[in-house]
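*Asks:* Using this note's numbering, you'd call the opening residue of the sequence shown number 460 and step up by one each time.
All C-beta atoms in this analysis are idealised placements derived from N, C-alpha and C, irrespective of residue type, glycine included.
Right, I'll just put the structure down here and ask away after.
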Amino acid sequence: METTKRWPLPGKMPLRNPPRIPRVSRQRLREIRRWLERNADFDRFAGAKGPRCPWCPSGGLHRSDDLTAEWVGDGERILLMNLKGYRCDGCGRSLYDRRSELAIGDMLVATRQRNGYTATVSSLGGGKLGIYLPKEAIKALRFAKYDELRIVPLSRTRAFVEKVEG
Ligand SMILES: [Zn+2]
Numbered sequence: 460m461e462t463t464k465r466w467p468l469p470g471k472m473p474l475r476n477p478p479r480i481p482r483v484s485r486q487r488l489r490e491i492r493r494w495l496e497r498n499a500d501f502d503r504f505a506g507a508k509g510p511r512c513p514w515c516p517s518g519g520l521h522r523s524d525d526l527t528a529e530w531v532g533d534g535e536r537i538l539l540m541n542l543k544g545y546r547c548d549g550c551g552r553s554l555y556d557r558r559s560e561l562a563i564g565d566m567l568v569a570t571r572q573r574n575g576y577t578a579t580v581s582s583l584g585g586g587k588l589g590i591y592l593p594k595e596a597i598k599a600l601r602f603a604k605y606d607e608l609r610i611v612p613l614s615r616t617r618a619f620v621e622k623v624e625g
């Protein structure tokens, strides 16, 4: 059976003091952001028992607060230490928590290489062409033999290259 609730009609809105959308100050925005950061779920496996490694079949992830992230940007080696997250006891790979990921992201943006790397297209014989990858690019992207690359043409002269991670 349906029931209809009857709400009292709202009183006349006083014209002298109309409702306003509250203005949020920068200070307040900062506070809100800090609060969100504090309360965000930074630990992706919080409460999970024995999280498994996403890369190897037998590995288990264990919490760690001494993870590092390392890359080469513009000929300069960048090393971030004391990052938090998980380390796999099988393959040794690290999975960073959200806060560490954000720190890495900030650092990457700050040190982003503007001009990228240059490579020359060479003839491999039999009408095939190949690209020799520059040492710095191999190091920065951790390319290894048989790594698969996806090349997405953006225009006739521009393309986006991505390592396909299995
Ligand atoms: Zn693993």
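1. Within a Cβ cutoff of 6 Å, which residues of the same chain sit near P473, ignoring the five residues on either side of it in sequence?
2. Between R485, F619, E624, L583, which lies nearest to G575 when the distance is taken from Cα to Cα?
3. Among all residues, which have a Cβ less than 6 Å from at least one non-hydrogen atom of ligand 1, and in what chain order do they fall?
4. What would DSSP say about E624, mapped onto helix, strand or coil?
5. Using three-state DSSP, classify D565 as helix, strand or coil.
6. Determine the closest residue to D524 out of G586, G544, G549, with distance taken between C-alpha atoms.
7. Can you tell me which of the three DSSP states A528 falls into?
*Replies:* Taking the coordinates as given:
1. Taking the first residue of the sequence shown as 1, we reach residue 473 at position 14. Reliability of the predicted coordinates at P473 is poor, the pLDDT of 49 falling under 50, and the value obtained from them is presented with this limitation in mind. Counting only Cβ-Cβ distances below 6 Å, and skipping sequence neighbours, we find nothing.
2. Stepping through the sequence shown from its first residue, residue 575 is reached at position 116. Measuring from the Cα of G575, the nearest candidate turns out to be F619.
3. Cβ atoms closer than 6 Å to ligand 1 belong to C512, W514, C515, G518, C547, G549, C550, R552.
4. Looking up residue 624 in the sequence shown gives position 165. When DSSP states are grouped into helix, strand and coil, E624 belongs to the coil group.
5. By one-based count along the sequence shown, residue 565 stands at place 106. Correct three-state label for D565: helix.
6. Translated into the one-based positions of the sequence shown, residue 524 becomes position 65. Distances from the CA of D524 to each of G586, G544, G549 were compared; the closest alpha carbon is that of G544.
7. Within the sequence shown, numbered from 1, the residue matching residue 528 stands at position 69. In the structure shown, A528 falls within a strand segment according to DSSP collapsed to helix, strand and coil.
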